[in-house]
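Reading through the structure tokens given below for one structure.
Protein chains: 2
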Amino acid sequence: MNIGDVARRSGLPAKTIRYYEDIGLIKPHRSANGYRCFEEADLHKLAFLGRARALGFSIEDCRLLMALYEDESRASADVKQLAQEHLGKIEAKIADLQAMRDTLTELVQCCAGDNRPDCPILKDLSGELCGGAGAQGREGE
Amino acid sequence: MNIGDVARRSGLPAKTIRYYEDIGLIKPHRSANGYRCFEEADLHKLAFLGRARALGFSIEDCRLLMALYEDESRASADVKQLAQEHLGKIEAKIADLQAMRDTLTELVQCCAGDNRPDCPILKDLSGELCGGAGAQGREGE
DNA sequence: CCTTGACCTTCCCTTGACTGGAAGGTCCAT
DNA sequence: ATGGACCTTCCAGTCAAGGGAAGGTCAAGG
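Written as structure tokens, this is what we have:
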């Protein structure tokens, strides 16, 4: 298989596949003409990588996950720990984003959104406290 | 004020402040010795930037927000629109992360986490369907 | 006067995970 | 032989900084 075929079948862009080879995640053979020559096993790995990346695992996590996958004597505890740590990071990000969302939602609701210059969003950003309904809870930043 | 003082007072690292000057967000004067020389107005701008960044606005959004802030004849509708667009992106990110979290949570729960190699997390990543409780809903990716 | 240490300057490299594009080689069908 | 689709490598850019080197400046202490 050439790179275009694996790209279509794995759903990953050819550029990404080359990049994954660059950083040592896959090691496709080469044909006589220098073209990368992928086997089913490579395709399988790429699909694995694609799914792990879609779950938000970093490239380094993917490397570890692949190593665990290929290690027949792995302990599932190691996989689980990796996944749980990643889950923790995701939950932290969600919490951060939710805090932003809550503050922004408040500010947007406060803002008249008309042609006058007075704007609680800018007031908040400039550090003046919004007298009204208020988007507080960030004084101590 | 020298950069160290503004760094302490704004909570931004000196590196970040220099970067913000580099990209034209602030334009501090220079003392005779070449040191940046910040006024209260610069500090105010940096605090504004810090808060906008903490709300997840991109640098380019921050640039627009600052311009609006300094434009006395702005329409609050413009600010509101910017904030609403940003809010939409944040909500999309939250939804993405929540989907990851849900799948990962399922998989982690499925995994025994002992010293045996059998692991539903790796099974899922490798494309095999998990026979048990199942973390489905991603077949069509 | 000299040194020490804290502070400041610019410059360039690195991050993560790609993406875009240029310049050029290969393959296959017409 | 020519066109177009495919492949190759290499270099630069993204975003928002962070790290660190090499060197200038300043104030205090000996």
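Going down the list, the protein sequences come from chains A and B.
Numbering of the first sequence is given in numbering that gives the first Met the number 0, commencing with residue 0 and proceeding in unit increments.
Numbering of the second sequence is given in numbering that gives the first Met the number 0, commencing with residue 0 and proceeding in unit increments.
All residues carry an ideal CB built from backbone N, CA and C; glycine is no exception.
Simplified DSSP assignment, three categories, for residue i
i, result
"B/GLY131", "Confidence at B/GLY131 is low in this model, with a pLDDT of 46, below 50, so the placement of that residue should be treated as unreliable; the coordinate-derived value is given next. Of the three classes helix, strand and coil, the one that applies to B/GLY131 here is coil, per DSSP."
"A/CYS110", "coil"
"B/ARG73", "coil"
"A/ARG29", "strand"
"A/MET0", "coil"
"A/ARG161", "This structure leaves residue 161 of chain A out entirely; chain A is present only between 0 and 140."
"B/ARG115", "coil"
"A/GLY139", "Residue placement at A/GLY139 is poorly supported in this model, since its pLDDT is 37, which falls under 50; the coordinates are not used for a value here."
Within-7 Å CB hit, residue i to chain B
i, result
"A/ALA6", "no"
"A/GLN108", "no"
"A/GLY112", "yes"
"A/PHE37", "no"
"A/ARG50", "yes"
"A/ARG115", "yes"
"A/LYS122", "no"
"A/LYS26", "no"
"A/ILE89", "yes"
"A/LYS14", "no"
"A/GLY23", "no"
Bounding residues of the alpha helix (DSSP H) (the contiguous stretch that carries residue i)
i, result
"B/PHE47", "39 to 53"
"A/SER57", "Unbroken run through A/SER57: none, as it is neither H nor E."
"A/ASP123", "119 to 125"
"A/ARG17", "13 to 21"
Sheet register partners of residue i (DSSP bridge)
i, result
"A/CYS36", "A/HIS28"
Minimum Cβ-Cβ distance from residue i to chain A less than 7 Å
i, result
"B/LEU128", "no"
"B/ALA98", "no"
"B/CYS141", "Examination of residue 141 of chain B is not possible in this model, given that chain B is present from 0 through 140 alone."
"B/TYR18", "no"
"B/ALA134", "Its pLDDT being 42, under 50, B/ALA134 is placed unreliably in this model, and the value from its coordinates should be taken loosely. No, no contact with chain A."
"B/LEU86", "yes"
"B/GLY139", "Legend: pLDDT at B/GLY139 = 37, less than 50; position of this residue unreliable, value from coordinates given subsequently. B/GLY139 does not count as touching chain A."
"B/TYR34", "no"
"B/GLY3", "no"
"B/ALA74", "yes"
"B/TYR45", "Reading off the sequence shown, one finds Leu at residue 45 of chain B, where the question assumed Tyr. Chain A contact via Cβ: absent."
"B/ALA82", "yes"
"B/ILE93", "yes"
"B/LEU42", "no"
"B/LEU11", "no"
"B/LEU103", "yes"
"B/GLY131", "Low local confidence applies: a pLDDT of 46 at B/GLY131 is under 50, so the model's placement there is unreliable, with the coordinate-based value given in what follows. So, not an interface residue."
"B/LEU63", "no"
"B/SER125", "yes"
Any non-hydrogen atom of the ligand FMN closer than 6 Å to residue i Cβ
i, result
"A/SER9", "Absence of the ligand FMN from the depicted structure is noted, as is the absence of any ligand whatsoever, leaving it without description."
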